[in-house]
Structure formats: C-alpha cells, structure tokens
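Peer 1:
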Amino acid sequence: MEFFPKFFQSFNASEHGYIFMWILLLAGIFSAAIAIERSIFLMGRSGSKTESFMRDILNKVGKGDIEAAQKRCLEAGRMAMAHIVKVVLVSAGSGENHIRNSIDESVLKVVPELEKRTGYLATIGNVATLIGLMGTIYGLILSFASVGKPGIDPMEKSTLLASGIAAAMNTTFMGLMVAIPSIILYSIFKSKTDQMIDEIDEYSLKFANTLVEKSHKATKYTISASELKDSVSLQVTGSNIKLFADDKLLKNIKR
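Letter by letter, the sequence shown follows residues 27 to 281 of this note's numbering.
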C-alpha cells in the first residue's frame, strides 16, 4: 500500500505539518507508557481472589487469631485490601474509634495510588484530537494560500495544494490514532479502578465491624474492691462508661 510510506514520510522536516506529527507521536508514546504502567500496577493491586482473601481474614479475626490474619496478608502480596488489613490489624483491640480511624487512613492512602495517572489518558486523548484539528487547519490554510497565489505555474499550484491537503489529512489521522486508544484505555482503567474502590469500601466496612465487635467482646474492665461502695451506678454515654458511687465519679472508662 502506498498510504503508509507516504504517511511516514510526513514526519520528515521537509514536509508541511511535520511538527504536529512529532508532537502527536510523543503524546502516543506517553499514553502507551502510562497504559503499560497502570496495567501492571492494577493487576498487582487487584488480585483475582479478593473475596476469598477477605473471607479468610474475617474468619480468622472472628476467631481472634490475629497472627494468622497477619500471615495471610503477607501471603496475599501487593493486593490493596491486604495492605489495608495489615495496617489495621495493628490497631486490633484498641477501641472502636481508633480502629475506624486507622481504616480510614489506610483507605485514603491506597485509593489515590489506584487513581494516579489514569486521568492523563483522557487528557492526552482530548489534546491529541485538538492538535490533529490544528494540523488540519494549518494544512487547509496552506492549500487555500497556494490556490490564491498569483503568478504560479498551474502544475506547481496543484503540487502545493496537494501538499497542504496531505498535511491536513495526515495530522487528522495521527491525532485520531492517538486519541481513540487513549480514551478507550482511560474508560477501561477508570472502570477497573472504580470496581476496586467499591470492593475496598465494602470489605473495609465489614472488616471494621468485625474488629470492633471482637474488640468489645475482648475488653475487660477491672475495679478494685476498695472502689466499691453501697450505692454504685453506671452511666453509659457514647463510647464512655462512667462509674458513680454515692453520686461521685469513681472511674471514667473509654471503650
């Protein structure tokens, strides 16, 4: 086919619009690099068995076997949920507020890493389309200028006209070649990232509830015999338990 040799020839510095072609080529290379990096990263973070992993973790935490749960996290490798669970397990038994805050901090750290650089693909797709359009307009300007130029041989005029139209079409084609794959890849990665974030939100909530429930069951409070009197009362407010004796506060226990 004659198309591709002529198309690749448009990258020569002697051709009209070559600067647009090189800009679009660099944009395409940048887009491909991002796509490869995101593919490798998301494949490592997603894991193919997140559901079974969390089932094992919840089962082990429910039994109070924190060490086994931590070992399971190490076996899961770079999975996003494994990173969150591993960090939060350190806070097991430290109270509901601390557990939930630890989960929130871990999620806020993991989610931006999943979304990082994905938006560049959409930006490249949009910009490539505009650069291609700019090259099209540039080529048409050259074509119309050659038509209206006085004192030029008709053969030369037709050559200049063809050169301008070729520049317009080549930049349009190159712009679409970069834009279409970039936008498609952006949609794929965005969908995958949203799915992973939904899973993280779902399993993080289940994990937090399991840890909090286990923490409440495992918490023991001791009061010395000297602190007990005839008139003893308890007041439970939110996360605090207040022990009163003769209307005086004996102990304020934070759950």
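For glycine and all other residues, C-beta sits at the position ideal for the given N, C-alpha and C.
1. Is it buried or exposed for V204, if we count other Cβ within 10 angstroms and need 16 for buried?
2. Closest by CA to E1, which one among L134, A102, I55 and R64?
3. Quick one, which of S40, L187, A106 and A118 has its alpha-carbon nearest L68's?
4. Any idea what DSSP makes of I267, helix, strand or coil?
5. Tell me whether the beta-carbon of L115 lies closer than 8 Å to the beta-carbon of I92.
6. For F30, which option in G145, A61 and A192 has the closest C-alpha, if you only look at C-alpha atoms?
7. Please return the same chain residues whose Cβ sits closer than 6 Å to the Cβ of G70, not counting the five positions on each side in sequence.
8. What's the C-alpha gap between G161 and A61?
9. With a threshold of 16 other CB atoms inside 10 Å of the CB of A118, please say whether the residue is buried or exposed.
10. Kindly indicate which residue of F199, V111, I167 and L186 has the alpha-carbon position closest to the one of E131.
11. Report the option in S208, I214, V113 and K232 whose CA atom is closest to the CA atom of A58.
12. Since A53 and I206 are thought to touch, with beta carbons under 8 Å apart, how far apart are those beta carbons, to the nearest angstrom?
13. Which word fits F34, buried or exposed, when buried means at least 16 other C-beta atoms lie within 10 angstroms of its C-beta?
14. Could you check where the alpha helix (DSSP H) with I129 kicks off and where it finishes?
15. Taking the C-alpha atoms as reference points, what is the distance between K86 and K97?
16. At a cut-off of 7 Å, would you count T185 as near the ligand COA, judging by its Cβ distance to the nearest heavy atom?
17. Relative to the C-alpha of I55, which candidate in M200, E41 and F233 has its C-alpha closest?
18. Counting C-beta neighbours from all protein chains within 10 Å, is the total for M181 16 or more, i.e. buried, or is it exposed?
19. Under 8 Å, do R64 and T144 count as touching if we go by C-beta distance?
20. Closest to I214 by C-alpha separation, out of E139, L100, H124 and L147, would be which residue?
21. So what's R98 in DSSP terms, helix, strand or just coil?
22. Hey, could you find the ends of the alpha helix (DSSP H) E63 is sitting in?
23. Does any residue of chain B have a CB that is nearer than 8 Å to the CB of R64?
24. Within 10 Å of its beta-carbon, does V136 have 16 or more other beta-carbons around it, so buried, or fewer, so exposed?
Peer 2: By the coordinates alone:
1. Position 178 of the sequence shown, counting from 1, holds the residue named residue 204. The residue is buried, with at least 16 neighbouring Cβ atoms inside 10 Å.
2. This structure does not reach residue 1, given that the chain is present from 27 up to 281, and the question cannot be answered.
3. In the sequence shown, the residue the question calls residue 68 occupies position 42. Distance check between L68 and each of S40, L187, A106 and A118 places A106 closest, using alpha-carbon atoms only.
4. To locate residue 267, count along the sequence shown from 1; it is residue 241. Strand, per DSSP.
5. For this step, residue 115 is matched to residue 89 along the sequence shown. For this step, residue 92 is matched to residue 66 along the sequence shown. I92 sits close to L115, with the two beta carbons spaced by under 8 Å.
6. The residue given as residue 30 occupies position 4 in the sequence shown. Scanning G145, A61 and A192 for the CA closest to the CA of F30 turns up A192.
7. Numbered from its first residue, the sequence shown carries residue 70 at position 44. Excluding residues within five positions, the ones whose Cβ falls inside 6 Å are R104.
8. Counting from 1 along the sequence shown, the entry for residue 161 is found at position 135. Counting from 1 along the sequence shown, the entry for residue 61 is found at position 35. Straight-line Cα distance between these residues: approximately 26 Å.
9. One-based indexing of the sequence shown puts residue 118 at position 92. Around the beta-carbon of A118, 16 or more other beta-carbon atoms lie within 10 Å, marking it buried.
10. Locating residue 131 in the sequence shown gives position 105, counting from the first residue. Relative to E131, the option among F199, V111, I167 and L186 whose CA is nearest is V111.
11. Reading the sequence shown from its first residue, position 32 is the one you call residue 58. When C-alpha distances from A58 are compared across S208, I214, V113 and K232, the shortest belongs to S208.
12. Taking the first residue of the sequence shown as 1, we reach residue 53 at position 27. Taking the first residue of the sequence shown as 1, we reach residue 206 at position 180. That pair is no contact at about 13 Å.
13. Position 8 of the sequence shown holds residue 34. If you draw a 10 Å sphere on the C-beta of F34, you find fewer than 16 other C-beta atoms in it, and that means exposed.
14. What you label residue 129 is simply residue 103 of the sequence shown in a count that begins at 1. Counted as a single uninterrupted DSSP element, the alpha helix (DSSP H) harbouring I129 occupies residues E122 to E141.
15. By 1-based counting over the sequence shown, the position of residue 86 is 60. By 1-based counting over the sequence shown, the position of residue 97 is 71. So the two alpha carbons sit approximately 11 Å from each other.
16. The ligand COA is not part of the structure shown, which contains no ligands of any sort.
17. Numbered from its first residue, the sequence shown carries residue 55 at position 29. Comparing Cα-Cα distances from I55 to each of M200, E41 and F233, the minimum goes to M200.
18. Here the question's residue 181 lines up with position 155 in the sequence shown. Per the 10 Å Cβ criterion, exposed.
19. Residue 64 sits at position 38 when you count from the first residue of the sequence shown. Residue 144 sits at position 118 when you count from the first residue of the sequence shown. In this structure, T144 lies closer than 8 Å to R64 by Cβ.
20. Within the sequence shown, numbered from 1, the residue matching residue 214 stands at position 188. It is L147 whose Cα lies nearest to the Cα of I214.
21. Here residue 98 refers to the residue found at position 72 when the sequence shown is read from its first residue. Helix, per DSSP.
22. If you number the sequence shown from 1, residue 63 lands on position 37. Run containing E63: Y44 to S72, per the alpha helix (DSSP H) assignment.
23. Looking for chain B here will not work: only one protein chain is present.
24. Counting from one through the sequence shown, the residue named residue 136 turns up at place 110. Buried, by the Cβ-count rule.
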